[in-house]
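K.L.:
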Amino acid sequence: MKVFKIVFIILCSIPFLYSQDFSTKVFDNYYIDEYTVKDFDNDGDLDIFGIDFPFSLDATLYLFLNEAPFFSAVKKDILYSKYTCSGKPYSFDIDNDGDFDVILAKGDSLNIVVFINDGKAKFTEKRLNISGSDNFNVIDIDNDGDLDIMGVNRQSKKINAYINDGTNNYTTNQISVSTLNKTIVSFKADDIDGDGDGDFCIGYGSFFDEQIVLLINKDQNKFDTIIISKDDFKSLNKIDLIDLNKDSKLDIVGSNSNDGLVAWVNKGSNKFERIKLAAYPGSSGYGFTEFTFGDFNSDSNIDIIVADFGRGTYRLSQTSKSPLQFDIIKGPGQTPANVIVAGDMDGDKDVDLLISNGDFWYAENNIKQLTDISDVQFNDNIDYSKIGNKIILQNVIDQTISYRVSNIFGETIIEGASNGHEFEIPNVPFGIYFISIRSANKNGVIKLILD
Numbered sequence: 002m003k004v005f006k007i008v009f010i011i012l013c014s015i016p017f018l019y020s021q022d023f024s025t026k027v028f029d030n031y032y033i034d035e036y037t038v039k040d041f042d043n044d045g046d047l048d049i050f051g052i053d054f055p056f057s058l059d060a061t062l063y064l065f066l067n068e069a070p071f072f073s074a075v076k077k078d079i080l081y082s083k084y085t086c087s088g089k090p091y092s093f094d095i096d097n098d099g100d101f102d103v104i105l106a107k108g109d110s111l112n113i114v115v116f117i118n119d120g121k122a123k124f125t126e127k128r129l130n131i132s133g134s135d136n137f138n139v140i141d142i143d144n145d146g147d148l149d150i151m152g153v154n155r156q157s158k159k160i161n162a163y164i165n166d167g168t169n170n171y172t173t174n175q176i177s178v179s180t181l182n183k184t185i186v187s188f189k190a191d192d193i194d195g196d197g198d199g200d201f202c203i204g205y206g207s208f209f210d211e212q213i214v215l216l217i218n219k220d221q222n223k224f225d226t227i228i229i230s231k232d233d234f235k236s237l238n239k240i241d242l243i244d245l246n247k248d249s250k251l252d253i254v255g256s257n258s259n260d261g262l263v264a265w266v267n268k269g270s271n272k273f274e275r276i277k278l279a280a281y282p283g284s285s286g287y288g289f290t291e292f293t294f295g296d297f298n299s300d301s302n303i304d305i306i307v308a309d310f311g312r313g314t315y316r317l318s319q320t321s322k323s324p325l326q327f328d329i330i331k332g333p334g335q336t337p338a339n340v341i342v343a344g345d346m347d348g349d350k351d352v353d354l355l356i357s358n359g360d361f362w363y364a365e366n367n368i369k370q371l372t373d374i375s376d377v378q379f380n381d382n383i384d385y386s387k388i389g390n391k392i393i394l395q396n397v398i399d400q401t402i403s404y405r406v407s408n409i410f411g412e413t414i415i416e417g418a419s420n421g422h423e424f425e426i427p428n429v430p431f432g433i434y435f436i437s438i439r440s441a442n443k444n445g446v447i448k449l450i451l452d
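Numbering-wise, the numbering used here puts 157 at position 156 of the sequence shown, and it's gapless, one number per residue.
In structure tokens:
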């Protein structure tokens with residue numbers, strides 16, 4: 002082991018450390034392939050809505066209720082058995098009643114259904130009368146104040162925008178772009194250019210030509226195409242969006258088989274700088290596959306858990322925002338790690354992991370936390386107070402501000418604009434949130450911890 006470690010440090014462009022950062026536990030006889038994590042029963046802890054895809058066409062839909070205060074007792078309910086579905090479940094509050102619902106593609110026609118939550122994790126299935134996609138994001142595409150559904154069909158190479166009229170009646174708009182001639186392996190929707198409407202980042206499964214493309218929303222279902230990566234990788238595995246350096250601009254992160262983990266740092270005006278975050282340490286041919294984000298040591302930096310198909314996982318611990326730098330530390334050894342989700346699963350206010358590879362694993366965070374868990378403020382330039390659900394900015398002189406509230410995964414919870422110095426955030430489960438503030442004279446990021 003010592004010989005391998007020395008050789009690896011010489012070959013790798015960033016430090017590699019061994020650590021017992023996580024202790025893992027497998028849930029016996031629990032099998033899960035795709036899942037989404039939210040507080041479905043409104044008891045203050047995170048639960049799991051999951052799918053077990055057997056070798057047949059019929060899947061089993063499970064609900065794992067976290068019987069907190071600690072993630073040691075899990076109640077598993079079978080919601081549906083022999084349920085023909087595909088893709089990934091996606092959770093959000095579709096009916097605006099304060100709890101999390103789930104959408105999923107059902108049947109060969111990919112009919113999109115919603116499982117309506119009664120607030121106590123009792124779900125009722127309902128068709129949305131739209132179809133054609135099996136993977137989803139949710140964002141306000143047309144900037145009219147309600148959430149629309151963004152869907153892709155990875156095999157048929159289709160991108161669909163399901164536009165909400167405000168009453169959950171949806172009109173399907175198929176997005177046509179010149180680069181859309183390859184299989185979509187990953188995608189993400191967010192306001193990439195900061196103008197208040199939904200843009201898209203698309204990752205193609207291609208060995209050449211365009212591999213990562215931005216679709217910048219220009220209104221009326223028209224998009225400008227910006228090529229981020231072309232002829233860059235042997236094979237792209239996943240892309241995601243997050244503000245890595247806390248400058249209130251969304252960056253792009255991508256994993257691939259021959260170049261490790263790469264970021265394209267957003268410099269503004271739709272310009273991006275390519276930075277390699279971590280070289281791939283193995284030779285399996287798969288490279289880094291899955292990854293997820295979180296502040297795993299409470300130092301106010303975004304860290305990354307990244308999976309090697311044959312060697313387990315690694316933690317990329319951010320050591321610098323400018324320049325963007327990470328240490329790479331060996332993490333849990335589950336292989337392959339097909340899906341990884343970060344979240345405080347046991348209520349101790351640090352970020353744990355859920356890992357699925359057919360079997361289902363819980364990885365408890367043992368990392369020493371570097372700061373106290375309390376409301377803290379970034380950049381020293383945004384003073385604020387919180388009263389109930391209201392955020393009151395105290396040293397922003399501009400009357401017009403824009404804001405975006407996101408969770409530790411980089412998912413947008415709410416965004417909008419205010420003509421004063423205050424705005425309201427939604428009722429959300431306890432945890433860590435980031436509020437990006439923009440105005441004519443001042444930008445900043447607030448880290449908000451709700452407990």
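Backbone N, C-alpha and C define an ideal beta-carbon position, used for all residues, glycine too. Bear in mind the structure is a predicted one, so any value in this text is a computation, not a measurement.
If you draw a straight line from the alpha carbon of Ile164 to that of Tyr171, how long is it in whole angstroms?
P.N.:
Position 163 of the sequence shown holds residue 164. Position 170 of the sequence shown holds residue 171. Their backbone Cα atoms lie some 5 Å apart in a straight line.
K.L.:
Out of Val340, Gly313, Ala338 and Asn339, which one is the CA nearest neighbour of Ile329?
P.N.:
The residue given as residue 329 occupies position 328 in the sequence shown. That would be Gly313, whose Cα lies nearest to the Cα of Ile329.
K.L.:
Which residues bound the beta strand (DSSP E) around Asn366?
P.N.:
To locate residue 366, count along the sequence shown from 1; it is residue 365. That run of the beta strand (DSSP E) goes Asp353 to Asn366.
K.L.:
DSSP on Phe56, reduced to helix/strand/coil?
P.N.:
The residue you call residue 56 lines up with position 55 of the sequence shown. Correct three-state label for Phe56: coil.
K.L.:
With respect to the beta strand (DSSP E) encompassing Ser407, which residues constitute its N-terminal and C-terminal limits?
P.N.:
As a working note, residue 407 is residue 406 in the sequence shown. From DSSP, the beta strand (DSSP E) with Ser407 extends over Ile402 to Asn408.
K.L.:
Between Asp34 and Gly288, what straight-line distance do the alpha-carbon atoms span, to the nearest angstrom?
P.N.:
Along the sequence shown, one-based indexing puts residue 34 at 33. Along the sequence shown, one-based indexing puts residue 288 at 287. When rounded, the distance between both Cα atoms is 20 Å.
K.L.:
Give the DSSP-derived three-state secondary structure of Glu291 in the structure shown.
P.N.:
Here residue 291 is taken as the residue at index 290 of the sequence shown, counted from 1. Glu291 falls in the strand class under three-state DSSP.
K.L.:
Considering only residues of the segment 128-167, which uninterrupted beta strand (DSSP E) runs meet the minimum length of 3 residues and lie entirely inside it, listed in chain order?
P.N.:
List check, beta strand (DSSP E) in window: 136-140, 149-154 and 159-165.
K.L.:
Return helix, strand or coil for Phe65, following the three-state DSSP convention.
P.N.:
Mapped onto the sequence shown, residue 65 falls at position 64. The answer is strand: DSSP assigns Phe65 an E or B state.
K.L.:
If I measure Cβ to Cβ from Gln21 and keep anything under 6 Å in the same chain, skipping five residues before and after, which residues do I get?
P.N.:
To locate residue 21, count along the sequence shown from 1; it is residue 20. Counting only Cβ-Cβ distances below 6 Å, and skipping sequence neighbours, we find nothing.
K.L.:
Where Asn112 and Tyr363 are concerned, what is the direct C-alpha to C-alpha distance, given to the nearest angstrom?
P.N.:
Here residue 112 refers to the residue found at position 111 of the sequence shown. Here residue 363 refers to the residue found at position 362 of the sequence shown. In a straight line, the C-alpha of Asn112 is about 32 Å away from that of Tyr363.
K.L.:
Going by the CB atoms, is the gap between Ile356 and Ala338 shorter than 8 Å?
P.N.:
In the sequence shown, residue 338 corresponds to position 337, counting from 1. In the sequence shown, residue 356 corresponds to position 355, counting from 1. Contact flag set, yes.
K.L.:
Express the C-alpha separation of Ser403 and Ala418 in angstroms, rounding to a whole number.
P.N.:
Position 417 of the sequence shown, counted from the start, is the residue given in the question as residue 418. Position 402 of the sequence shown, counted from the start, is the residue given in the question as residue 403. Going by the C-alpha atoms only, they are around 4 Å apart.
K.L.:
Where does the unbroken beta strand (DSSP E) through Arg312 begin, and where does it stop?
P.N.:
In the sequence shown, counting from the first residue as 1, residue 312 sits at position 311. That residue, Arg312, is in no beta strand (DSSP E); it is neither H nor E in DSSP.
K.L.:
Does DSSP put Ile95 in a helix, in a strand, or in coil?
P.N.:
Working through the sequence shown from its first residue, we reach residue 95 at position 94. Three-state DSSP puts Ile95 in coil, outside helix and strand.
K.L.:
Determine the extent of the beta strand (DSSP E) in which Asp232 is found, giving its start and end residues.
P.N.:
Within the sequence shown, numbered from 1, the residue matching residue 232 stands at position 231. Run containing Asp232: none; DSSP gives neither H nor E here.
K.L.:
Tell me Asp386's beta-bridge partners as DSSP assigns them.
P.N.:
Residue 386 sits at position 385 when you count from the first residue of the sequence shown. Note on identity: in this sequence residue 386 is Ser, with Asp being the wrong assignment. Ser386 pairs with Ile393.
K.L.:
Checking the sheet assignment: what are the DSSP bridge partners for Tyr171?
P.N.:
Position 170 of the sequence shown, counting from 1, holds the residue named residue 171. According to DSSP, which records beta bridges pairwise, Tyr171 is partnered with Asn165.
K.L.:
Identify the residues that DSSP records as bridge partners of Val342: which are they?
P.N.:
Numbered from its first residue, the sequence shown carries residue 342 at position 341. For Val342, which the question treats as bridged, DSSP gives the partners Leu355.
K.L.:
Below 8 Å on the Cβ atoms is my guess for Pro333 versus Leu354; work out the distance and round it to an integer in Å.
P.N.:
Counted from its first residue, the sequence shown places residue 333 at position 332. Counted from its first residue, the sequence shown places residue 354 at position 353. Pro333 to Leu354, Cβ: 7 Å. Contact.
K.L.:
Which stretch, first to last residue, makes up the beta strand (DSSP E) that contains Val38?
P.N.:
On the sequence shown, residue 38 is found 37 positions in, with the first residue counted as 1. Per DSSP, Val38 belongs to the beta strand (DSSP E) from Glu35 to Lys39.
K.L.:
Candidates Phe361, Glu425, Lys277 and Arg405: which alpha carbon is nearest Lys387's?
P.N.:
Taking the first residue of the sequence shown as 1, we reach residue 387 at position 386. It is Glu425 whose Cα lies nearest to the Cα of Lys387.
K.L.:
Taking Gly107 as the reference, give the member of Ile415, Asn136, Lys189 and Asp345 with the closest Cα.
P.N.:
For this step, residue 107 is matched to residue 106 along the sequence shown. This sequence places Lys at residue 107; Gly is not what is there. Of the candidates Ile415, Asn136, Lys189 and Asp345, the one whose C-alpha sits nearest the C-alpha of Lys107 is Asn136.
K.L.:
Rounded to the nearest angstrom, how far is the Cβ of Glu365 from that of Phe23, given a contact under 8 Å?
P.N.:
Taking the sequence shown and counting its residues from 1, the one referred to as residue 365 is at position 364. Taking the sequence shown and counting its residues from 1, the one referred to as residue 23 is at position 22. Between Phe23 and Glu365 the Cβ distance is about 6 Å, and since that is below 8 Å, they are a contact.
K.L.:
Would you kindly report the start and end of the unbroken beta strand (DSSP E) that includes Ile426?
P.N.:
The sequence position of residue 426 within the sequence shown is 425, counting from 1. Where Ile426 is concerned, there is no enclosing beta strand (DSSP E), given that its DSSP letter is neither H nor E.
K.L.:
Determine the DSSP secondary structure at Tyr434, reduced to helix, strand or coil.
P.N.:
Taking the sequence shown and counting its residues from 1, the one referred to as residue 434 is at position 433. Note: Tyr434 maps to strand in three-state DSSP.
K.L.:
Assuming the contact rule is C-beta atoms closer than 8 Å, Val178 and Leu216 should be a hit. Round their C-beta distance to whole Å, please.
P.N.:
Here residue 178 refers to the residue found at position 177 of the sequence shown. Here residue 216 refers to the residue found at position 215 of the sequence shown. Their Cβ separation, rounded to whole angstroms, is 6 Å, which keeps Val178 and Leu216 in contact under 8 Å.
K.L.:
Using the Cβ count rule (16 or more neighbours within 10 Å means buried), how would you classify Asn161?
P.N.:
Taking the sequence shown and counting its residues from 1, the one referred to as residue 161 is at position 160. Classification of Asn161: buried, given that the 10 Å Cβ count is 16 or more.
K.L.:
Nearest-angstrom Cα distance between Phe294 and Ile303?
P.N.:
Residue mapping note: residue 294 aligns to position 293 of the sequence shown, counting from 1. Residue mapping note: residue 303 aligns to position 302 of the sequence shown, counting from 1. Those two C-alpha atoms are separated by around 7 Å.
K.L.:
Roughly how many whole angstroms lie between the Cα atoms of Gly311 and Thr336?
P.N.:
Within the sequence shown, residue 311 is the residue found at index 310, counting from 1. Within the sequence shown, residue 336 is the residue found at index 335, counting from 1. Distance between the alpha carbons of Gly311 and Thr336: 6 Å.
K.L.:
What I want to know is whether the C-beta of Thr172 ends up closer than 7 Å to one or more non-hydrogen atoms of the ligand HEM.
P.N.:
By its list of ligands, the structure shown contains no ligand whatsoever, and the ligand HEM lies outside what it can speak to.
K.L.:
In the DSSP assignment, find the unbroken beta strand (DSSP E) run with Leu105 in it and report its ends.
P.N.:
Reading the sequence shown from its first residue, position 104 is the one you call residue 105. Note, Leu105: beta strand (DSSP E), Asp102 to Lys107.
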